[in-house]
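The working numbering puts the first residue of the sequence shown at 1, with every later residue one more than the last. Positions of the beta carbon are idealized from the N, C-alpha and C atoms, including for glycine. Data first, discussion second: the structure below is written as C-alpha cells.
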Amino acid sequence: MMRTVPFEPIEMQELGAVDDLATRILAGEVFIMRGGLQKVGLFDELVEASLVGIRKSVGDETAERVSKAGFERIHEWVDAADVPKMTDAVYGEMAARVQTMMDKFVRQVFPGTLNYYYERSPNVRFHIPYALAASHRKSFGEFAGSHGDGKITAHGPHRDSWVDCPANVVNLWIAIGPVKRGNGLTIYARDYKSKLAFKNGYVADSQPLHEPMTFALEPGDAILFHSDQVHGSELNVTDSTRYVVSNRITLDKPKFLYGHHHHYVNANWARGPMGSLAEWPAKMQMSWFFDRFRRVGRKLGLWNASGSEQASSGNEAGGVPASEVSEAYSDDGSIALADLPVHSIRAVSKSVCVARFAENEFAALSRRCPHAGGDLAAGWVADGRPVCPLHNVSFDPKTGASHCSSLKELRTFSCEVRGDRLYLDTVKDAGNAGETELA
Ligand SMILES: [Fe+2]
Numbered sequence: 001m002m003r004t005v006p007f008e009p010i011e012m013q014e015l016g017a018v019d020d021l022a023t024r025i026l027a028g029e030v031f032i033m034r035g036g037l038q039k040v041g042l043f044d045e046l047v048e049a050s051l052v053g054i055r056k057s058v059g060d061e062t063a064e065r066v067s068k069a070g071f072e073r074i075h076e077w078v079d080a081a082d083v084p085k086m087t088d089a090v091y092g093e094m095a096a097r098v099q100t101m102m103d104k105f106v107r108q109v110f111p112g113t114l115n116y117y118y119e120r121s122p123n124v125r126f127h128i129p130y131a132l133a134a135s136h137r138k139s140f141g142e143f144a145g146s147h148g149d150g151k152i153t154a155h156g157p158h159r160d161s162w163v164d165c166p167a168n169v170v171n172l173w174i175a176i177g178p179v180k181r182g183n184g185l186t187i188y189a190r191d192y193k194s195k196l197a198f199k200n201g202y203v204a205d206s207q208p209l210h211e212p213m214t215f216a217l218e219p220g221d222a223i224l225f226h227s228d229q230v231h232g233s234e235l236n237v238t239d240s241t242r243y244v245v246s247n248r249i250t251l252d253k254p255k256f257l258y259g260h261h262h263h264y265v266n267a268n269w270a271r272g273p274m275g276s277l278a279e280w281p282a283k284m285q286m287s288w289f290f291d292r293f294r295r296v297g298r299k300l301g302l303w304n305a306s307g308s309e310q311a312s313s314g315n316e317a318g319g320v321p322a323s324e325v326s327e328a329y330s331d332d333g334s335i336a337l338a339d340l341p342v343h344s345i346r347a348v349s350k351s352v353c354v355a356r357f358a359e360n361e362f363a364a365l366s367r368r369c370p371h372a373g374g375d376l377a378a379g380w381v382a383d384g385r386p387v388c389p390l391h392n393v394s395f396d397p398k399t400g401a402s403h404c405s406s407l408k409e410l411r412t413f414s415c416e417v418r419g420d421r422l423y424l425d426t427v428k429d430a431g432n433a434g435e436t437e438l439a
C-alpha cells in the first residue's frame with residue numbers, strides 16, 4: 001500500500017507498537033519515541049558515559065554540576081573554548097560502548113532483525129547557545145572540518161547520502177538533555193521527494209525549501225528518520241545547550257549512492273570471532289572500490305577535489321525550481337500583489353526580498369541571513385516572520401532582529417501599497433541605516 005509522507009512526526013508511545021517500523025521510516029515517515037531510551041534501558045548508561053567523558057576532559061567538579069543541574073546548563077561551567085575537547089572525550093566513551101548499545105536498541109525497537117549494520121562511532125552533538133559560540137567561530141569551524149558539521153556547529157540542510165552515507169539508513173537521534181524548538185533538529189519532510197540542487201554535501205544556494213518539522217524533546221526521547229530526509233540543525237538561539245547523540249543503522253547491506261567512506265560494522269561479525277574484520281562485509285562492494293580509486297585520483301591531482309553540483313530526487317523527481325528574482329518585479333520598484341500571495345516571500349533583486357504576512361501586512365528586507373548568508377527568498381514565512389531556510393532563524397520584519405543577540409540585524413526597507421501593487425523604496429530604508437542597490 002502506498003502511503004503519503006506525513007508532514008508531522010508520528011508519536012510512538014510503546015516499543016513494538018508499529019509492525020513495519022523500518023519500512024515506514026525508509027518510506028519517509030518520521031517517528032518520535034517518547035522516553036524511548038528509558039524504555040530500552042539505555043538512558044542511564046548514556047548519561048553515565050557522557051559524564052565520564054566530561055569528567056576526563058573538563059574535570060570532576062564540572063561533571064558533578066552537570067549531573068545535578070542537567071546538560072542544558074553545561075555552558076555555564078564549561079568555557080566555550082573547551083567544548084571541542086569535551087566533545088572529543090565523550091566521542092571516545094560512546095565509541096567504546098557502541099556495540100552493546102546498538103544491540104540493545106535494535107533488538108527492542110526493530111524486533112526480528114537478524115543482521116544489521118551500524119556506524120562505528122556514534123555522533124556527539126553539543127550545541128551551546130550561539131550567543132556564546134559566535135566568538136569561537138574559528139575553533140568550532142576547525143572542529144567541524146575534522147568531525148563534520150552538526151556536532152558543535154549548526155548543520156545546513158542535507159541528505160546524508162550527499163555526504164557519502166548509505167541511502168538506506170535509519171537515523172537515530174537521541175536527546176540526552178532537553179531539546180527545545182530553537183536549538184534542535186529540522187526535517188524538511190515536505191521536500192522528501194523533491195528534486196533538489198546540491199553542492200558540497202548541502203542544498204545549493206537559493207534552492208527553495210519548505211518549512212521543516214522542528215522538535216521539543218525530553219531527555220531520553222528519540223527521533224527515528226530516513227537519512228535521505230533533508231535535515232539539518234536549527235541555529236541555537238535559545239539560552240540552553242542541547243546535547244544529543246545520534247547514530248545510523250542499516251537493516252540490510254549499506255547502499256552507497258555517491259562516495260563510500262563511512263565505517264559500517266556488521267553486528268553479527270562484531271559479536272563473533274571475526275570481530276576485527278566486522279567492517280569488511282560493508283566494504284566488499286563496488287562502491288567502496290570506486291571510492292578508493294576516486295580518492296587516490298584526487299591525491300594524485302588527476303581530477304578536481306571540489307564537490308559536485310548535482311540534482312538529487314531522493315526518491316522521485318518533484319521539480320522544485322531554483323529561487324529567482326521575481327519576474328513580476330518591475331523597473332518602477334513595484335510588484336503586483338497578485339504575485340505575492342499571503343504567507344509568501346519573493347526575491348525582487350539580488351539583495352532584497354519582500355514578504356507578505358497577511359492581506360495588508362508586508363515587509364521588504366535584505367535577502368541574506370547574517371549568520372551564514374542563507375537566502376531568505378528561498379525560505380518561508382512562519383508566525384508573521386521571515387525564516388532563513390538554512391538554520392531556521394527567523395527575523396522581526398519591522399526591526400530585522402533575530403532571537404539571537406550575536407547576529408546582526410537584517411536591513412529593512414520602506415514599502416507601501418498603492419492600488420494593486422506594492423512599491424518598494426530600496427534607497428530609503430525603514431529603520432536601520434544604509435542604502436542598498438537594486439542589483
Ligand atoms: Fe545528517
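TODO: Please confirm whether any heavy atom of ligand 3 lies closer than 7 Å to the CB of H158.
DONE: Absence of ligand 3 from the depicted structure is noted, with ligand 1 being the only ligands included.
Open item on the list: If I measure Cβ to Cβ from G232 and keep anything under 6 Å in the same chain, skipping five residues before and after, which residues do I get?
Closed with: H155, G156, P157, T186
Open item on the list: By DSSP's criteria, P386 is part of a beta bridge. Which residues make up the other side?
Closed with: V381
Task: For Y118 and N268, believed in contact at Cβ under 8 Å, the rounded distance - done: The Cβ separation is near 11 Å, so there is no contact.
TODO: Using only the heavy atoms of ligand 1, determine whether one of them is closer than 7 Å to the beta carbon of H231.
DONE: yes
- [ ] Return the CA-CA distance between F31 and Y130, expressed in angstroms with no decimal places.
- [x] 28 Å
- [ ] Identify every run of the beta strand (DSSP E) within the segment 246-293, keeping only runs that are complete inside it and at least 3 residues long; order them along the chain.
- [x] 264-266
TODO: Taking only heavy atoms of ligand 1 into account, decide whether any of them is closer than 7 Å to the Cβ of G150.
DONE: yes
TODO: Determine the direct distance from the alpha carbon of S414 to that of C369, and round the result to whole angstroms.
DONE: 19 Å
TODO: Output the distance between the C-alpha atoms of T214 and A175, rounded to the nearest integer angstrom.
DONE: 13 Å
Task: Same chain, Cβ closer than 7 Å to H136, neighbours up to 5 away in sequence not counted - done: The beta carbon of H136 lies closer than 7 Å to those of A80, A81 in the same chain, with the five residues before and after it left out.
- [ ] With DSSP as the reference, label T113 as helix, strand or coil.
- [x] coil
TODO: Can you tell me which of the three DSSP states S146 falls into?
DONE: helix
Open item on the list: Can you list, in chain order, the residues of its chain with a C-beta nearer than 8 Å to that of S443? Leave out the 5 residues immediately preceding and following it.
Closed with: For residue 443 there is no data in the structure shown, the boundaries of the chain being 1 and 439.
Open item on the list: I'd like the span of the alpha helix (DSSP H) that includes E48, first residue to last.
Closed with: 43-58
- [ ] Just confirm the distance between the C-beta atoms of G227 and V169, as a whole number of angstroms; I'd bet it's less than 8 Å.
- [x] Note that residue 227 corresponds to Ser in the displayed sequence, not to Gly. The C-beta separation of S227 from V169 comes to about 4 Å, placing the pair in contact by the 8 Å criterion.
Task: H343, buried or exposed, once every other Cβ within 10 Å from all chains shown has been counted against 16 - done: Classification for H343: exposed.
Task: Closest by C-alpha distance to T238, when choosing among K39, N392, A204 - done: Ranking the options by Cα distance to T238, first place goes to N392.
Task: Integer-rounded CB distance, given that Y116 should sit under 8 Å from I249 - done: 6 Å
Task: For I32, the three-state DSSP class (helix, strand or coil) - done: DSSP, reduced to helix, strand and coil, places I32 within a strand of the structure shown.
TODO: Would you kindly check if the distance between the Cβ of L46 and the Cβ of V245 is under 8 Å?
DONE: yes
Task: T4 - DSSP class collapsed to helix/strand/coil - done: coil
- [ ] Would you kindly check if the distance between the Cβ of R421 and the Cβ of L365 is under 8 Å?
- [x] no
Task: Cβ shell of L376 (< 6 Å), same chain only, five flanking positions each side left out - done: Hits under 6 Å: C353, R367, P386, C388.
Open item on the list: Using a 10 Å radius around the Cβ and a threshold of 16 neighbouring Cβ atoms, would you call Q13 buried or exposed?
Closed with: Label assigned to Q13: exposed.
Open item on the list: Counting C-beta neighbours from all protein chains within 10 Å, is the total for E416 16 or more, i.e. buried, or is it exposed?
Closed with: exposed
- [ ] Answer with yes or no whether the minimum CB distance from T186 to chain C is below 8 Å.
- [x] Reference to chain C is not applicable here, since this structure consists of a single protein chain.
TODO: Work out the CA separation of E359 and G240 for me, nearest whole Å.
DONE: Reading off the sequence, residue 240 comes out as Ser, not Gly. Taking the straight line joining both Cα atoms gives about 36 Å.
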